[in-house]
Amino acid sequence: MVKKAVIIAAGMGSRLRGYGTDMPKPLVPVAGVPLLKRTILSAQRAGIDEIVVITGYRGDEIQSQLVDDDQFVDLDIAWVQNADWERGNGVSVFAAKDYVDGSFVLLMSDHLFDPEALTKLRHIPIGPDEAVLGVDSNLDGIFDMEDATKVLVDGDRIEKIGKELADFNAVDTGMFLCSPFLFTALEASIAAGDGSLSGGIRILSEQGTMRTFDIEGLFWLDVDTPEAHVHAEQSLFRMLGKPTDGFVSRNFNRKVSTRITRLLVHTPFTPNQLSIVTMFISFVSAWLVYQGGTSYWHLALGGILFQFASIVDGCDGEIAKLKFMGSRMGEWVDTLADNVSYLVFLIAVIAGMYAQTGDTFYPMLGGTMLSLDVLAVLLIFLYLKVVGSGSIVSFNMAFSSDVPKEEQGWIFRIIKSLLFMSRRDFFAALFCVLALLNNIAGMYWFLTIGSVFICAGIFGFAGQMLRTRGAWANTPATDTDKMVEKAD
């Protein structure tokens, strides 16, 4: 398993360089993150912990901007200046020779890629004289075919490679798994007058030691032109949706939140700060709903603001994903802020219902359900601590998988079928509609009855879930059990 990467950031990048300023290409931001930094963090996400960055054009400026970045604290990064960068990218790769003593992955600083693709690539076994190129055989999905490096693949071997190939069946993704023998091939290519990386790859191909790995539809993109830059940001924002998104989030909230995130991603706002801001928006909406017990306009505005908070609640996770800022602490901040918001809103609805009716039955019943909700939330927190996660998504996903099938009776099936109602996107939208209809009673009864089902599910099955996770035996959860994304 390879743990080291060499990243080439040496060229001038004249077609993209500047992007409205005079910054070098590796520092051009894509969704708020410089290209080179995005490549480094993507490699880290794929399991790389040692990196050699080869710079050339304005290398000192690039290094000074990134060398002390707080997000690189867990990485061992060597910065190498290649004075001969104008001779070709193969010469820049060769400059890493003294910094590599085993197999490594080779990446381009201006290529975006799904970390999963690199994870798969770095686990491929290779011989001492071999190299593997990540290729994409899905030619219909290539953004700029004219500029792409074409590859003719036979089996898993490269027959030909070059930008001018007329006969090809894949394109170069800019991701390589290499043995140190690549430097021998590059040295021969440079001596023959070809300083390009493709020159060294051709030598390996002719020797029959250049293999390929098809990334099979995983995302990658060469950001080499202003048009590609626009396409890159559009692609990243399109990928922000999650399989766990509810109906309202998928069809409405996410469409709005990503537009807000487009603005916020270029600001210093952190995901944790946004989680706190969202919580305080919910507090304001709760106060308005409480006032709405006797005032329609307060109730209506409170419902609208609670729905707005639900939309903004997606922005923290989106920024965390775009800027590689997801963390366990961030998960807990988000989960705590969300659940405190829900409980405060429930208190506001109970108080508003009492203000409207003057009947003590409502605060008595509501207070009872509130107490049970607090206990249920604490039980969820216990489960999350056991599995090593801070995301409520982990609990929701595990509700189906962790309860043994023999325990999944009709009560379980009913509760599972109603889980969508416990999603923030659903109940926030419902409360907004009820508030606009001046129906605080509907909000009260939905929360009260909903709490019955939620508490029944948590109290009835959390014990089984904890036993499945080995809570009583203190068995650690596997990495697949842990969600490292902020929950929306």
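Here the sequence shown stands for residues 5 to 492, numbered as in my numbering. Every residue gets a Cβ at the ideal spot worked out from N, C-alpha and C, and that includes glycine. Every value quoted in this text rests on a predicted model; they were computed, and no experiment measured them.
Residue i - DSSP class collapsed to helix/strand/coil
| i | result |
| --- | --- |
| Q211 | coil |
| G178 | strand |
| I264 | helix |
| H270 | coil |
| Q412 | coil |
| K259 | helix |
| F117 | strand |
| A491 | Bear in mind that a pLDDT of 42 at A491, under 50, signals an unreliable position, so the number given afterwards is only what the model happens to contain. Of the three classes helix, strand and coil, the one that applies to A491 here is coil, per DSSP. |
| A99 | coil |
| P38 | strand |
| L137 | strand |
| L225 | strand |
| G94 | helix |
| G318 | helix |
| M243 | coil |
| G392 | coil |
| G197 | coil |
| M283 | helix |
| M329 | coil |
| M357 | helix |
Per DSSP, the bridge partner or partners of residue i
| i | result |
| --- | --- |
| D80 | E54 |
| G203 | According to DSSP, G203 bridges with nothing at all. |
| V109 | A9, L181 |
| T59 | A13, Q85 |
| E161 | Looking at the sequence itself, residue 161 is Arg, so the reference to Glu does not match. BP columns for R161 point to D158, R215. |
| P33 | P38 |
| G166 | K154 |
| M469 | According to DSSP, M469 bridges with nothing at all. |
Alpha-carbon to alpha-carbon, residue j and residue i
| i | j | result |
| --- | --- | --- |
| E335 | A232 | 33 Å |
| V303 | P33 | As written in the sequence, residue 303 is Leu, which differs from the Val given in the question. Looking at the two C-alpha atoms, the distance is approximately 42 Å. |
| G131 | S209 | 14 Å |
| V281 | D133 | 55 Å |
| L45 | D72 | 14 Å |
| L79 | G178 | 22 Å |
| V95 | V104 | 15 Å |
| T20 | T229 | Note that residue 20 corresponds to Leu in the displayed sequence, not to Thr. Near 5 Å, if we compare the C-alpha coordinates of T229 and L20. |
| G296 | R417 | 36 Å |
| I205 | R215 | 10 Å |
| F98 | A174 | 26 Å |
| L292 | I444 | 12 Å |
| Q468 | I52 | 37 Å |
| P119 | S239 | 15 Å |
| V391 | F251 | 27 Å |
| R161 | T213 | 8 Å |
| A355 | A402 | 34 Å |
Cβ neighbour criterion (16 or more within 10 Å) applied to residue i
| i | result |
| --- | --- |
| A290 | buried |
| N3 | No answer is possible for residue 3: it lies beyond the span of the chain, which begins at 5 and ends at 492. |
| G36 | buried |
| D492 | Summary for D492: the model assigns pLDDT 47, below 50, so the residue's position carries little reliability, and this model does not support an answer. |
| V234 | exposed |
| P247 | exposed |
| E410 | exposed |
| Y346 | buried |
| L270 | According to the sequence displayed, residue 270 carries His and not Leu. Flag for H270 reads exposed. |
| K327 | buried |
Exercise for the section: Decide yes or no for the touch test of the segment 297-311 against the segment 438-448: beta carbon pairs closer than 8 Å, at least 3 of them. Expected result: yes
Practice task
Could you tell me whether the segment 146-155 touches the segment 68-84, where touching means 3 or more Cβ pairs closer than 8 Å?
Solution key: no
Exercise for the section: Pair every Cβ in the segment 443-463 with every Cβ in the segment 380-391, then say whether three or more of these pairs are closer than 8 Å. Expected result: yes
Handout entry: Stretch-stretch touch, CB-based, cutoff 8 Å, three pairs: the segment 215-225 with the segment 111-126
Key = yes
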